[in-house]
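**Student:** Take a look at the following structure, please.
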Amino acid sequence: MTVRELLEKIKQKAEIEDSKEDLGVLNAYVKPSSLRSLLIYMRDSLGFDWMSFMTALDMPQENTIEAVYELFSNSSKDSARIKVKLSRQAAEVETVSDIYRTAEWHEREAAEMFGITFKNHPHPENLILTPDIKAPLRKDFSGGDMKRMPE
Amino acid sequence: MNGVDNELIKKIPGAPVIMTSVEWAINASRANSLWTVTFGLRCCAIEMMHTGGTKTDWSRFGFEVPAASPRRADVMVVAGTVSKKMAPVVKRLYEQMPGPKYVMAMGACAISGGPFIYDSYSVVMGVDKLIPVDVYIPGCPPRPEALIDGFIKLQKKIMAQKIRK
Ligand code: SF4
Numbered sequence: 000m001t002v003r004e005l006l007e008k009i010k011q012k013a014e015i016e017d018s019k020e021d022l023g024v025l026n027a028y029v030k031p032s033s034l035r036s037l038l039i040y041m042r043d044s045l046g047f048d049w050m051s052f053m054t055a056l057d058m059p060q061e062n063t064i065e066a067v068y069e070l071f072s073n074s075s076k077d078s079a080r081i082k083v084k085l086s087r088q089a090a091e092v093e094t095v096s097d098i099y100r101t102a103e104w105h106e107r108e109a110a111e112m113f114g115i116t117f118k119n120h121p122h123p124e125n126l127i128l129t130p131d132i133k134a135p136l137r138k139d140f141s142g143g144d145m146k147r148m149p150e
Numbered sequence: 000m001n002g003v004d005n006e007l008i009k010k011i012p013g014a015p016v017i018m019t020s021v022e023w024a025i026n027a028s029r030a031n032s033l034w035t036v037t038f039g040l041r042c043c044a045i046e047m048m049h050t051g052g053t054k055t056d057w058s059r060f061g062f063e064v065p066a067a068s069p070r071r072a073d074v075m076v077v078a079g080t081v082s083k084k085m086a087p088v089v090k091r092l093y094e095q096m097p098g099p100k101y102v103m104a105m106g107a108c109a110i111s112g113g114p115f116i117y118d119s120y121s122v123v124m125g126v127d128k129l130i131p132v133d134v135y136i137p138g139c140p141p142r143p144e145a146l147i148d149g150f151i152k153l154q155k156k157i158m159a160q161k162i163r164k
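The listed protein sequences derive, respectively, from chains A and B. Per numbering that gives the first Met the number 0, the first sequence starts with residue 0, numbered consecutively. Per numbering that gives the first Met the number 0, the second sequence starts with residue 0, numbered consecutively.
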């Protein structure tokens, strides 16, 4: 499936805010409300049976946090990258851990590292960090004894 | 034996007896049977394992076996990056060791935080923030020779201890 065909297909199922091709992989920004239905459709109908990873990006200039879901199809060897934009102040999105089991731990990591709340997550506690460190991978994190690199 | 001053051992001629000072005998026993808690936390641990291996074999100098439990160890080798999550464990194992106990900070990370000194949210900036350190071994990672040198420095320190206050 080419990137264009894939985009046409998912456009009928979800609200795509923006999309681009990056090194032959589709990057599609979807509305958070249609994320779950889109992933279920891609898993069941388009053969994307594998989630490689789920992570997040902090974009302080745009005041957004992007949650990134990288999907892979074992049958057609296609990849696709689905992103949702969340506000930095109230970063909240539905969990997809019941659709792809991979997302369970990855969402816990993204949650503790970026301060995202995954609604209905089965285990919302921290995965790695101690509870006193909050969202250290946000660009404006400063906490405890952390020293900034001199300019 | 390492660092033995010949003056201190006197053999009585014609009898299987030697005479020496209590201080020297105790210190020498301590210095030459140091059991280690090998606290391998990161890449420095690989170099520490190599030091214990056949090629550089630290048992030759009396550091003996790595102890299976801190309760029967004398020296803790902190080899690597101490993260904030690991810090309570380091402290707890140190407290479980019976005295007299010694700590060696191996590598830049254990000395000062090393490569993680800036922009790090999770690293303790030197194990001496948690527990007292006797010998610092610089390097990233220190070579096995450097670790053995550190051990010999520690033995010298032990030999210089006074029993009477
Ligand atoms: S000092 Fe260097 S080699 Fe040792 S643990 Fe730190 S980074 Fe690794």
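From the three backbone atoms N, C-alpha and C, an ideal C-beta is built for every residue, glycine too.
#1: Using the beta-carbon count (16 or more within 10 Å), is ASN62 (chain A) buried or exposed?
#2: Considering only their Cβ atoms, is the gap separating PRO143 (chain B) from GLU46 (chain B) smaller than 8 Å?
#3: Given 7 Å as the limit, tell me if THR80 (chain B) has its C-beta closer than that to any heavy atom belonging to ligand 1.
#4: Quick check on DSSP: helix, strand or coil for GLY52 (chain B)?
#5: Answer with yes or no whether the minimum CB distance from THR54 (chain A) to chain B is below 8 Å.
#6: By Cβ distance, which residues of its chain are closer than 6 Å to ARG41 (chain B), with the 5 residues on each side in sequence left out?
#7: Mark VAL76 (chain B) as exposed unless 16 or more other C-beta atoms lie within 10 angstroms of its C-beta, in which case mark it buried.
#8: I'd like to know whether the C-beta atoms of LEU25 (chain A) and LEU6 (chain A) end up nearer to each other than 8 Å.
#9: Quickly, what does DSSP pair LYS19 (chain A) with across the bridge? List them, please.
#10: Relative to chain A, which residues along the segment 81 to 96 of chain B have a C-beta separation below 8 Å, given in chain order?
#11: Excluding the 5 residues preceding and the 5 following PRO131 (chain B) in the sequence, name in chain order all residues of the same chain whose CB lies nearer than 8 Å to its CB.
#12: Spatial neighbours of LEU38 (chain A) within its chain, please: C-beta separation below 6 Å, excluding the five flanking residues on both sides.
#13: Just mark GLN88 (chain A) as buried or exposed, buried being the case when its beta carbon has 16 or more other beta carbons within 10 Å.
#14: Is the beta carbon of ASP127 (chain B) less than 8 Å from the beta carbon of LEU153 (chain B)?
#15: Give me the Cα-Cα distance between ALA102 (chain A) and GLY61 (chain B), rounded to the nearest whole angstrom.
#16: LYS138 (chain A) touches chain B at which residues, Cβ-Cβ below 8 Å?
#17: Using a beta-carbon distance below 8 Å, is SER58 (chain B) in contact with chain E?
#18: Using the beta-carbon count (16 or more within 10 Å), is THR37 (chain B) buried or exposed?
**Tutor:** Working from what's here:
#1: exposed
#2: yes
#3: For ligand 1, at least one heavy atom lies less than 7 Å from the Cβ of THR80 (chain B).
#4: coil
#5: no
#6: Correct list, in chain order: GLY79, THR80.
#7: buried
#8: yes
#9: A:ASN26
#10: Within the segment 81 to 96 of chain B, the qualifying residues are LYS83, LYS84.
#11: VAL102
#12: VAL95, ILE98
#13: exposed
#14: Between ASP127 (chain B) and LEU153 (chain B), the C-beta spacing is not below 8 Å.
#15: 51 Å
#16: Against chain B, the beta carbon of LYS138 (chain A) has no neighbour under 8 Å; the closest one sits roughly 11 Å away.
#17: No chain E is present in this structure, whose protein chains are A and B.
#18: Note on THR37 (chain B): 16 or more other CB atoms within 10 angstroms of its CB, so buried under the neighbour-count rule.
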